[in-house]
Amino acid sequence: MVFLPKIEPDRAIPIRTRFAPSPNGALHVGHAFSALCAHDFAHAHGGQYLLRIEDIDGTRSRPEHVAGILTDLAWLNLSPDGPVGYQSGHIERYQAALQKLLSLGLLYKCSCTRGDILAALKQMPVPHGPDGPHYPGTCRNRTGEPSGPFCWRIDMAKALAMTGPFQWTDLVAGTNFADPMQFGDVIVWRKDAPASYHLAATVDDAADGITHVVRGLDLFAYTAIHRLLQILLDLPEPQYWHHPLLLDMGGQKLAKSKSSPPLSARRLAGEDGQLLIDNLRQGVLPLGISLSSA
Ligand code: GLU
1 MVFLPKIEPD RAIPIRTRFA PSPNGALHVG HAFSALCAHD FAHAHGGQYL LRIEDIDGTR
61 SRPEHVAGIL TDLAWLNLSP DGPVGYQSGH IERYQAALQK LLSLGLLYKC SCTRGDILAA
121 LKQMPVPHGP DGPHYPGTCR NRTGEPSGPF CWRIDMAKAL AMTGPFQWTD LVAGTNFADP
181 MQFGDVIVWR KDAPASYHLA ATVDDAADGI THVVRGLDLF AYTAIHRLLQ ILLDLPEPQY
241 WHHPLLLDMG GQKLAKSKSS PPLSARRLAG EDGQLLIDNL RQGVLPLGIS LSSA
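The sequence shown runs 1 to 294 under the numbering used here.
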């Protein structure tokens with residue numbers, strides 16, 4: 001594949017990658033590209049490529065999208081090399097990680113609703129990060145139990161005081177100073193679903209023996225949070241390759257919620273999935289689609 005970064009493989013540890021879609025919509029060609037990157041990176045080094053369905057968001061995950069993902073990957077000839085993992089079957093893993101973070105004294109209960117947060121933000125200036133304004137900290141020093149449902153947030157300043165500064169390395173972008181503080185006190189355990197994406201993905205990557213996390217550049221900044229969790233939970237550090245994104249005609253990343261046609265539409269129209277993949281491998285993109293620069 002023309003986009004693969006060069007690496008010096010560590011022969012002692014066989015490479016293992018994963019493609020980790022959330023079944024909250026149909027896959028599009030950007031997902032096909034992401035799965036291809038993970039697949040070809042592993043296979044170029046005699047490794048294994050796994051599929052993990054990130055289906056713990058009970059309000060957005062749909063069984064028909066899980067079925068669609070499996071059918072689309074088979075059509076693309078990118079079926080995984082091992083059994084499919086389902087995050088909904090890993091809740092105990094996440095609970096154990098939550099307990100460990102609780103024992104470090106880094107979490108607090110937050111019962112704020114979206115409305116509470118918006119009201120608090122009107123009262124006080126807070127830093128803005130890649131995901132918007134930071135949580136204003138209303139519940140950080142609250143005494144007593146919350147009266148309603150709550151999530152667990154990590155006290156980011158406290159966590160960073162415990163870890164000290166740290167770095168992480170991307171195979172293309174190189175070594176980065178990790179700055180999880182840019183996200184503020186993120187949620188690690190949700191009110192409405194079990195673990196947050198950050199906790200679940202970090203725990204699963206370690207439990208599944210993922211040596212190389214291959215995923216889109218849109219998730220680059222989150223890796224700082226994942227590295228923090230790895231340090232706090234004493235998990236191994238994988239290597240990262242954040243691949244470029246496929247963009248639509250307006251230069252926006254393809255997204256399930258936008259107008260990019262799902263892979264199933266191509267499949268049902270009789271398109272050849274193998275040809276689509278062979279073209280992507282050579283850097284030949286479908287009409288109207290371009291690749292982000294970095
Ligand atoms: N489930 C995430 C998504 O569909 C990807 C998670 C990851 O690769 O770390 O965007």
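Virtual Cβ for every residue (Gly too), placed ideally from N, Cα, C.
On a predicted model such as this, the values are computed, not experimentally measured, just so you know.
Around the beta-carbon of residue 224, 16 or more other beta-carbon atoms lie within 10 Å, marking it buried. Sequence-distant partners of residue 222 (beyond 5 residues in either direction) whose C-beta falls short of 7 Å from its own C-beta, in its chain, are 198. At a threshold of 7 Å, residue 26 does not count as near ligand 1, since its beta carbon sits no closer than that to any of the ligand's heavy atoms.
Under DSSP, residue 52 shares a beta bridge with 85.
With a cutoff of 8 Å on beta-carbon distance, residue 169 and residue 239 are scored as near each other. At least one heavy atom of ligand 1 falls within 7 Å of the beta-carbon of residue 20. Contact between residue 154 and residue 186 holds, since their C-beta atoms are separated by about 6 Å, short of 8 Å. For the 8 Å CB-CB criterion, residue 78 and residue 263 do not form a contact. DSSP, read as helix, strand or coil, puts residue 91 in helix.
In this structure residue 117 is not in contact with residue 88, their Cβ atoms being roughly 28 Å apart against a cut-off of 8 Å. Here the distance from the Cβ of residue 35 to the nearest heavy atom of ligand 1 is not below 7 Å.
No heavy atom of ligand 1 is found nearer than 7 Å to the CB of residue 16. Residue ranges of uninterrupted beta strand (DSSP E) with 3 or more members, entirely inside the segment 97–165 and ordered along the chain, are 107–110 and 151–154.
With a cut-off of 8 Å on Cβ pairs, the segment 200–219 is not in contact with the segment 121–139, counting fewer than three such pairs. Annotated three-state conformation of residue 71 is helix, per DSSP. In the structure shown, the three-state DSSP call for residue 269 is coil. Under a 10 Å Cβ-count criterion, residue 13 is classified as exposed, with fewer than 16 other Cβ atoms of the shown protein chains found around its own Cβ. Around the beta carbon of residue 48, 16 or more other beta carbons sit within 10 angstroms, so the residue counts as buried.
DSSP places residue 213 in the uninterrupted beta strand (DSSP E) bounded by 212–216. Looking at 164, 191, 64 and 188, the one whose alpha-carbon comes closest to that of residue 179 is 164. Listed in chain order, the non-local C-beta contacts of residue 81 below 7 Å within the same chain comprise 48, 49 and 50, local neighbours out to five positions each way being set aside. If you look at residue 19, you'll find it in the beta strand (DSSP E) that goes 16–19. Sequence-distant Cβ neighbours of residue 111 in its own chain, meaning closer than 6 Å and more than five residues away, are 146, 148 and 150. The beta carbon of residue 35 sits closer than 6 Å to the beta carbons of 19 and 78 from its chain, once the five residues preceding and following it are set aside; these are given in chain order.
Residue 156 sits buried, since 16 or more C-beta atoms from the chains shown fall within 10 Å of its C-beta.
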